[in-house]
Structures are given as structure tokens and as C-alpha cells.
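Heads up, the thing below is written out as C-alpha cells.
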Amino acid sequence: MRLTGRSSGDFSAVRLGDGRHLAYKERGLPKEQAKHKIILVHAFGDSKGFKLPISEELLKELQIYLLQFDRAGYGESDPNPKRSVKSDALDIQELADKLQLGPKFYVIGISIGAYPVYGCLKYIPHSPSDLEILEQLDGPQNEEQEKVKQQGTHESLYRDLMVGLGRWEFGPTDISNPFPNNEGYVHMWQGYEDKVCRFEMNRYIAERLPWIQYHEVAGAGHLLIYKAAHCEAIFRALVSS
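Per the working numbering, the very first residue in the sequence shown carries number 9; after that it's consecutive.
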């Protein structure tokens with residue numbers, strides 16, 4: 009395990025203030041050269057190794073640096089027995105600080121990985137400049153799948169469900185617009201045919217929070233971000249806001 013920076017090994021990690029490590033991988037342009045720095049928050053039962061259908065050529069065109077990390081208790085990241093919506097959001101903030109991403113970065117949360125994004129909106133609203141919530145529950149298999157539960161099923165899968173589906177410290181519709189002067193934006197993408205997370209719920213949230221830019225994709229289902237055309241549209245919308 010390496011403590012910071014890019015490496016040629018399997019993964020790198022940062023040491024947080026409480027002594028835990030968060031493991032991460034990087035894609036795209038080096039962060040020093042990128043115009044847009046994006047943190048991806050993985051789905052349930054997944055890890056930093058998940059692959060989106062976005063090419064290195066497109067990342068270069070859009071001048072994007074991608075940071076994917078194992079959430080607490082997943083993969084090579086240490087468990088957090090006190091894990092909560094707030095602690096996951098603060099992990100993202102500290103990860104960005106440790107890697108010196110600067111004052112402006114983006115966060116994309118996939119499926120149950122959306123709850124840390126809601127946490128960012130609530131607890132660190134002035135840091136990420138743009139946030140996206142993508143409604144899914146399961147990601148596809150990847151070559152790191154066997155590593156996902158190496159910290160134990162309880163600390164990875166069960167604790168994720170307990171936090172994500174348990175009682176939060178706030179309700180999603182209680183969040184105030186974190187960008188009242190349009191210095192940042194929030195996007196929500198929903199597949200109309202999604203049978204796991206129904207569109208009615210997110211339509212309701214978007215109606216209650218009109219500052220969310222809601223994208224409902226006809227004919228798309230649960231894994232819409234894993235379709236190349238939708239994935240490209242999501243990234244283009246994010247960086248063009």
C-alpha cells in the first residue's frame with residue numbers, strides 16, 4: 009500500500025486523520041493537467057476497479073481526471089465502525105484534500121453510492137462544484153470483484169445497506185440549494201425503465217428541489233451509465249455545466 013500519489017502498482021492509498029486508509033485508482037489526464045477533476049463513488053457490492061464505457065480519448069478531449077476509490081470497508085479501504093452518511097461525505101472531502109484536487113472538483117455517485125453525494129450536499133456544500141446522482145443498485149462484475157469483500161461481508165455489504173437504507177440525519181428534500189449563485193450544479197439521472205429505483209421517487213425529489221437538473225432517460229434501465237452513449241452524455245453534461 010502506498011500512502012499518496014500516482015503509482016504503477018495495483019493501487020494507492022491515503023491515510024486519513026483518524027488513521028484509516030482509503031485506497032484509490034486514477035484514470036484520464038494527470039490531475040495537474042486536467043481541467044475537470046471528478047471523484048466517482050461506486051455502487052453496492054462494487055469497488056474502485058469498476059469500469060465505465062468512457063474511453064481515454066474522450067477523457068482527454070474533455071480534459072478529465074478520474075478518481076475512483078474504495079468506500080470504507082470495501083476492497084483495500086479500512087472499515088469505519090462509525091460509518092454514516094456524514095462520515096462518507098467527509099471521507100470524500102479528506103481524500104480530495106490529501107490528493108490536492110483544489111477547491112473545485114466534481115462528484116458522481118452511482119446507485120447506493122448516491123448517499124455520500126447527498127452527504128456532500130448537506131455537510132460540505134461549498135466544496136464539490138458539481139454533483140451527479142445516478143440511480144442504480146448493482147454494478148457489473150469487474151476483475152477486482154473478489155477483493156470487494158476482503159474486509160468482511162459485514163463491513164462492506166451489510167454496513168453499506170445499514171447506512172444507505174437506514175435512518176439518515178436529514179431527509180433528501182430538506183437540503184437547501186448549495187449553489188445559490190450558480191457556482192455549481194447538481195444533476196440527477198434516472199432510467200425510466202429502472203425497476204429497482206423507481207422514477208416516481210426521483211421525480212418527487214426533483215420537484216421538491218427545483219435546483220436539481222433532472223434527466224429522465226426514456227428506454228433506459230437500472231444500469232444506464234454502463235451504456236456508452238448515456239455515459240458520454242452524463243460526463244459531457246457534467247463538465248459543461
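Every residue gets a Cβ at the ideal spot worked out from N, C-alpha and C, and that includes glycine.
{"Item": "For His-162, does the three-state DSSP call read helix, strand or coil?", "Value": "helix"}
{"Item": "Could you tell me which of Ile-72, Ile-183, Leu-48, Phe-52 sits nearest to Thr-161, measuring between CA atoms?", "Value": "Phe-52"}
{"Item": "Identify the continuous beta strand (DSSP E) that holds Gly-117 and give its terminal residues.", "Value": "113-118"}
{"Item": "Give the secondary structure of Gly-57 by DSSP, where H, G and I count as helix, E and B as strand, and everything else as coil.", "Value": "coil"}
{"Item": "From the DSSP output, in three-state form, read off His-230 for me.", "Value": "coil"}
{"Item": "Where do the N-terminal and C-terminal ends of the alpha helix (DSSP H) with Tyr-73 fall, by residue?", "Value": "Looking at the DSSP string, Tyr-73 is not in any alpha helix (DSSP H); the run it does join, the beta strand (DSSP E), is 72-77."}
{"Item": "From Ala-226, Asp-202, Arg-206, Ser-164, pick the residue whose C-alpha is nearest to that of Ser-92; which is it?", "Value": "Ser-164"}
{"Item": "Taking Leu-217 as the reference, give the member of Ile-233, Asn-185, Ala-245, Gln-71 with the closest Cα.", "Value": "Asn-185"}
{"Item": "Put Ala-21 into one of helix, strand or coil per three-state DSSP.", "Value": "strand"}
{"Item": "Of all the options Leu-48, Asn-210, Leu-66, which has the alpha carbon lying nearest to the alpha carbon of Gln-101?", "Value": "Leu-48"}
{"Item": "Closest to Ile-132 by C-alpha separation, out of His-223, Ser-95, Leu-142, would be which residue?", "Value": "Ser-95"}
{"Item": "Let me know if Glu-34 comes out buried or exposed under the rule of 16 or more other beta-carbons within 10 Å of its beta-carbon.", "Value": "buried"}
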